[in-house]
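Numbering (the working numbering), first residue to last: 388 to 640. Each residue gets a CB set at the ideal place from its N, CA and C atoms; glycine is no exception. Heads up: the structure comes next, in structure tokens.
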């Protein structure tokens with residue numbers, strides 16, 4: 388690449404900075420390379436960083452509002468499970484099929500986690516009674532300390548406060564999630580040792596492409612995928628039935 392082209396490309400990359408400095412500093416920026424110019428450049432970089440933080444905050448707000456206001460996710464879950472079952476019929480070589488099964492196993496577990504997270508957050512954040520139950524029963528949330536100023540500020544944005552806490556909770560940590568559903572929504576998962584095992588296998592699928600720490604392939608097959616899909620579907624629909632039983636008056640915020 389020629390020197391002239393390199394210089395042109397550099398100028399193109401820096402053009403937004405030059406325009407911002409011209410608009411905000413004008414002649415006060417001084418000559419390029421001077422102390423006043425470097426101060427203007429630093430101000431531009433600070434402004435870019437501020438805008439990046441604002442954009443990140445906007446996306447976070449949008450994500451939280453999606454959790455709060457989006458209705459039942461069971462339809463999306465059913466579609467994902469149906470896609471998994473259809474993909475099981477794809478003909479492929481032995482190695483390719485193993486890779487496919489690894490991905491399908493992880494996809495099912497992720498679909499369950501997504502349903503549990505979105506459903507719990509939506510139901511709890513739209514009910515004062517359920518928020519109260521969460522605060523009273525969750526060992527972390529119930530011990531959170533607030534100043535009087537915080538209390539007023541948090542109360543005004545109570546939905547977002549609760550949604551933020553729940554979103555940051557790792558929903559594949561079933562040891563935490565299972566009692567939360569029981570204590571807050573009155574939904575007992577029953578024996579889900581199979582799901583604990585599926586999450587453990589999913590770890591190998593995601594981090595070692597379907598191999599354990601000793602390099603052995605995980606025990607996974609078309610039959611195990613169908614079994615996991617069916618059990619996951621039964622669990623999700625049992626939760627959905629319980630959610631439907633909670634009267635609308637209990638959920639009104």
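Contact set for residue 574: own chain, Cβ-Cβ below 7 Å, skip 5 residues either direction: If you number the chain shown from 1, residue 574 lands on position 187. If you ignore the 5 residues before and after residue 574, its C-beta comes within less than 7 Å of the C-beta of 568, 626, 629, all in its own chain and listed in chain order.
Residue range of the alpha helix (DSSP H) that includes residue 632: One-based indexing of the chain shown puts residue 632 at position 245. 609-632 is the span of the alpha helix (DSSP H), which, as asked, contains residue 632.
Opposing strand residues paired with residue 386 [DSSP bridges]: What the structure shows of the chain is the stretch from 388 to 640, and residue 386 is not part of that stretch, so it cannot be assessed.
Simplified DSSP assignment, three categories, for residue 460: Along the chain shown, read from residue 1 onward, the residue named residue 460 stands at position 73. Secondary structure of residue 460 (DSSP, three-state): coil.
Pair within 8 Å by beta-carbon distance, residue 570 and residue 520: The residue labelled residue 570 in the question sits at position 183 within the chain shown. The residue labelled residue 520 in the question sits at position 133 within the chain shown. The Cβ atoms of residue 570 and residue 520 sit closer than 8 Å to each other.
Classification of residue 583 by the beta-carbon crowding that lies within 10 angstroms, buried from 16 upward: Along the chain shown, read from residue 1 onward, the residue named residue 583 stands at position 196. In this structure residue 583 is exposed. Its beta-carbon is surrounded by fewer than 16 other beta-carbon atoms within 10 angstroms.
Per-residue burial, residue 460 [other beta carbons within 10 Å of its own, 16 or more giving buried]: Against the chain shown, residue 460 aligns to sequence position 73. Here residue 460 is buried, its C-beta having at least 16 other C-beta atoms within 10 Å.
Chain-order list of residues whose beta-carbon lies under 6 Å from that of residue 576 (same chain, five-residue window excluded): Translated into the one-based positions of the chain shown, residue 576 becomes position 189. Excluding residues within five positions, the ones whose Cβ falls inside 6 Å are 565.
As assigned by DSSP and simplified to three states, the class of residue 513: By 1-based counting over the chain shown, the position of residue 513 is 126. Here residue 513 sits in coil by DSSP.
Beta-carbon contacts of residue 489 that lie in its chain and below 7 Å, excluding the five residues immediately before and after: Sequence index remark: in the chain shown, residue 489 carries index 102 (1-based). Only 592, 596, 597, 607 meet the Cβ criterion.
Through-space distance from residue 623 to residue 602, alpha-carbon basis: Counting from 1 along the chain shown, the entry for residue 602 is found at position 215. Counting from 1 along the chain shown, the entry for residue 623 is found at position 236. One alpha carbon belongs to residue 602, the other to residue 623, and they sit about 33 Å apart.
Helix, strand or coil at residue 564 [DSSP, three-state]: Reading the chain shown from its first residue, position 177 is the one you call residue 564. Assigned with DSSP and collapsed to three states, residue 564 falls in helix.
Three-pair Cβ contact test at 8 Å for the segment 546-563 versus the segment 505-515: Touching, yes, given that three or more Cβ pairs across the two stretches are closer than 8 Å.
For residue 559, three-class secondary structure by DSSP: On the chain shown, residue 559 is found 172 positions in, with the first residue counted as 1. Correct three-state label for residue 559: coil.
Length of the line joining the Cα atoms of residue 610 and residue 468: To locate residue 610, count along the chain shown from 1; it is residue 223. To locate residue 468, count along the chain shown from 1; it is residue 81. Their Cα atoms are separated by approximately 14 Å.
Whether residue 612 touches residue 517 by CB criterion (8 Å): Along the chain shown, one-based indexing puts residue 612 at 225. Along the chain shown, one-based indexing puts residue 517 at 130. Contact: no.
Local conformation of residue 470 per DSSP, three classes: Residue 470 sits at position 83 when you count from the first residue of the chain shown. Taken through DSSP and simplified to helix, strand or coil, residue 470 comes out as helix.
Nonlocal neighbours in the same chain, by C-beta distance under 6 Å from residue 524, ignoring five residues either side: Locating residue 524 in the chain shown gives position 137, counting from the first residue. Scanning its chain for C-beta atoms nearer than 6 Å, with the 5 sequence neighbours on each side dropped, one finds around residue 524 the residues 570, in chain order.
Residues of its chain near residue 427, where Cβ-Cβ distance is below 6 Å and the 5 sequence neighbours each way are ignored: As a position in the chain shown, residue 427 is number 40, starting the count at 1. For residue 427, same chain residues with a beta-carbon under 6 Å away, outside a window of 5 residues either side, are 408, 412, 416 in chain order.
Rounded separation between residue 553 and residue 504 - CA only: On the chain shown, position 166 is the one that residue 553 refers to. On the chain shown, position 117 is the one that residue 504 refers to. When rounded, the distance between both Cα atoms is 8 Å.
Buried or exposed by the 16-neighbour rule on C-beta atoms within 10 Å, applied to residue 506: Here residue 506 is taken as the residue at index 119 of the chain shown, counted from 1. Using a 10 angstroms sphere on the CB of residue 506, the tally of other CB atoms reaches 16 or more, which defines it as buried.
Between the CA atoms of residue 422 and residue 590 - distance to the nearest angstrom: The residue labelled residue 590 in the question sits at position 203 within the chain shown. The residue labelled residue 422 in the question sits at position 35 within the chain shown. Their Cα atoms are separated by approximately 53 Å.
Helix, strand or coil at residue 521 according to DSSP, with G and I counted as helix: Sequence index remark: in the chain shown, residue 521 carries index 134 (1-based). The three-state reading of DSSP puts residue 521 in helix, counting H, G and I together.
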